[in-house]
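Heads up: the structure comes next, in structure tokens.
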Amino acid sequence: MKRIGSILLIAALVLSLAACSKGGQKEFTTNLPPETGELGEDIRIDASNHIQIKKAEVVRDGEREILLITYDWYFEGGKARAGFEQYVITAKQGGVALKGDLSQVESIKKLVTQINVDEKLEDIQQGFVLRDQEPVTLSLMGNESWIFKEGKPVHAYPVTVEVPVAP
Amino acid sequence: MSVVAKKAGSPAKGKTNPLNKVFDIIGGIFKPILIVIIGGGVLQALRDVLLMLGVIGKVSSSYLILNALGDCAFYFLPIFLAYSSAQVFGATPYMSAAVAAFLVYPSITNMFTWANNVGWSLTLFGTIPVTYAKYPSSVLPIILIVLFQSKIEPLIKKVVPELLKTIFVPVLTMFFTAIVGLVILGPIGTWIGDGLAAAISWLNRTVPWLVPTLVGALSPFLVITGSHYSLFPVATQNLAQLGYDTVLLPGNMASNIALAGMSFAVAMRAKNPKYKSYSASSGITSLFGISQSSLYGNAIPLKKPLIASILGGGIAGFYAGITAIKGHSFVTPGLLSLVGYLQPTSNIINAIITCVIAFAGTFVLTLVLGFEEPDEQTVRELSGEAAPAEDAKAGTDKAGGKK
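This is the structure:
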């Protein structure tokens, strides 16, 4: 009796494991953000964060020219704070990183503001000190380090947006 | 600090030369952790070789795992250094490790990177400015921070009443150490590095051949202070704008290969089989561009081999400078980085000659200058062997501050 019981128990275990492994065969693909985006487009940069760059303008600050970008941020999934916990926007010109500058930003507090479920934080601004008149490549990076593409881990990548710099 | 001279058992024992003292302290701090640095270095070399042979792809979990395993000892280096520095300076090791862990805590690291990227001025309590610094893999900041802890901890122990010591000694020690570290001591490496980056960029515009010479010769010191990180943006910018770099990559390659030549010479000349084995392993990892074990286990404790490495690296760097070799990709500067010098043919030939000069020159110089072999205790520490029970107890007592 004990033997039959043991066999039934093992059989149940094997069947449940088989069922598990069958379920685990699903290819795991996380949200894949687009590699590039455009000004004005609502871009989903990771599983939860959306960025829409509405405006990019060049403003003067003494000798310096600063590219001032204005964007909206929307977070799917509850309360969240803007800033480093969710996304990072950086800029390059000719492959060289531009220095961030907040001197021309209207409200820097928006960069660290908390939002509630389904809220959109509008008109957030960031500035970058321009090196020349070459177009600027903005990098919009979400908060995931890794994403899965057809079951394989891939380094998360930023969405790039080309911004022309008008003289 | 006398603890170091006693424990290190280095050839400079008993000497009062301040430079020797500094070298002894650095040696004392690094000896216990070199074993993981060698392990990590070999794993990184293995990762690069497997990647180059196409055995693993960069988009694979194997790469992820191997990369993390090889890199973790370097990324979390401040935590290891904090513990060993505390043992040298007589602070409480676990509190030092906690402060180091705070500096590499993911949220802190992310916040610093974010603030640096967007131009946000970080402050503490709304008034005290916090300078951006890169703490993962850093060396100098945590050593200075633990040194500070070793001074403030006894004062706090003295002031706090016996009844409240359990709570207030760790709270106050960790708080003050972390804050002073974050605001004052931590950014020192960044400030040195930024000044250095500006000076090197200026030199590169006026006397370009001198830059690889200096980087080839002085890289060991750049690594000790962590200021070599400040040259990374210069190299990245060169690669992005010009498609090649002459500032960091050639000189760094010369220096690492020179350290490899030095370690192999030490391995050949050393009599202690364990030290021979340690030095040969260090030589191998240095060939692949991971030179910390050569630097902290051979060059610094033995001193004369450090001079040989500086000369050998400098001469090879000088050759790299006058032939203006160009590194076209950011590969760990060692033999594998030669793939970044393939075009044109003269570039790869001169890069190979640079490596040969660095290796052979330093090898010969090390043999000519000679060195005094470290004692058995030092070798045991370098090899990662547990100290005899009595020594270990004595070390714990010192580390715990029970003097």
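In order, the protein sequence lines correspond to chains A and B.
When we follow the working numbering, the leftmost residue of the first sequence carries the number 393, and every step to the right adds one.
When we follow the working numbering, the leftmost residue of the second sequence carries the number 1097, and every step to the right adds one.
Beta carbons: idealized from backbone N, C-alpha and C, even for Gly.
In terms of beta-carbon proximity, residue 492 of chain A lines the interface with chain B, with at least one pair separated by less than 7 Å.
The Cβ of residue 1160 of chain B sits closer than 7 Å to at least one Cβ of chain A. Per the DSSP secondary-structure output, residue 555 of chain A pairs in a beta bridge with A/528. Per DSSP, reduced to three states, the secondary structure at residue 1265 of chain B is helical. Between residue 1400 of chain B and residue 1467 of chain B, the C-beta gap is smaller than 7 Å, which places the two residues in contact. Counting C-beta atoms within 10 angstroms of its own C-beta, residue 454 of chain A has fewer than 16 neighbours from the protein chains shown and is therefore classed as exposed.
Beta-bridge pairing by DSSP links residue 517 of chain A to A/462. Along the region 1366 to 1392 of chain B, the alpha helix (DSSP H) occurs as fully enclosed runs of 4 or more residues at 1369 to 1383, listed in sequence order. Per DSSP, the continuous beta strand (DSSP E) segment holding residue 453 of chain A begins and ends at 441 to 453. For the set B/1294, B/1284, B/1302, the Cα lying nearest the Cα of residue 1320 of chain B is the one of B/1284. Apart from the 5 residues on each side of it in sequence, residue 1419 of chain B sits with its Cβ closer than 6 Å to the Cβ of 1446 in its chain, given in chain order.
Counting other Cβ atoms within 10 Å of its Cβ, residue 1477 of chain B reaches 16 or more and is therefore classed as buried.
For residue 545 of chain A, the enclosing beta strand (DSSP E) has its first and last residue at 544 to 547. Check the Cα spacing between residue 1436 of chain B and each of B/1130, B/1168, B/1292, B/1345: the tightest is with B/1345.
Residue 523 of chain A sits in coil when the DSSP states are folded into three classes, being neither helix nor strand. Sequence-ordered contacts of the region 1151 to 1180 of chain B with chain A read 1155, 1156, 1157, 1160 [C-beta pairs closer than 7 Å]. In this structure residue 1402 of chain B is in contact with residue 1395 of chain B, their Cβ atoms being roughly 4 Å apart against a cut-off of 8 Å. Looking only at B/1163, B/1264, B/1134, B/1254, the smallest Cα-Cα distance to residue 1147 of chain B is reached by B/1163.
Around the beta carbon of residue 434 of chain A, fewer than 16 other beta carbons sit within 10 angstroms, so the residue counts as exposed. At least one CB atom of chain B sits nearer than 7 Å to the CB of residue 545 of chain A. Within a 10 Å sphere around the beta-carbon of residue 547 of chain A sit fewer than 16 other beta-carbons, which makes this residue exposed.
Contact note: residue 1213 of chain B reaches chain A through 480, 482, 492, using a C-beta cutoff of 7 Å and chain order. Here residue 1231 of chain B is near residue 1200 of chain B, since their CB atoms are less than 7 Å apart. Residue 1350 of chain B and residue 1308 of chain B do touch by the CB rule: their CB atoms are close to 7 Å apart, below 8 Å. Interface criterion met: the Cβ of residue 487 of chain A is under 7 Å from a Cβ in chain B. A straight-line Cα-Cα distance of about 30 Å links residue 462 of chain A and residue 1330 of chain B.
For residue 1464 of chain B and residue 1374 of chain B, the gap between their C-alpha atoms comes out near 21 Å. Inclusion of residue 520 of chain A and residue 431 of chain A in the CB contact set at 7 Å is not warranted, their separation being larger than that value.
Each residue's CA atom was taken as its position, placing residue 537 of chain A and residue 478 of chain A some 12 Å apart. At a cut-off of 7 Å, the C-beta of residue 506 of chain A has no neighbouring C-beta in chain B.
Taken through DSSP and simplified to helix, strand or coil, residue 1477 of chain B comes out as helix. Ranked by Cα distance from residue 456 of chain A, the first of A/492, A/501, A/553 is A/492. If you keep only unbroken alpha helix (DSSP H) runs of at least 4 residues inside the region 1401 to 1458 of chain B, you get nothing at all. DSSP, reduced to helix, strand and coil, places residue 1138 of chain B within a helical segment of the structure shown.
Not a single C-beta of chain A is nearer than 7 Å to the C-beta of residue 1412 of chain B. Assigned with DSSP and collapsed to three states, residue 1129 of chain B falls in helix.
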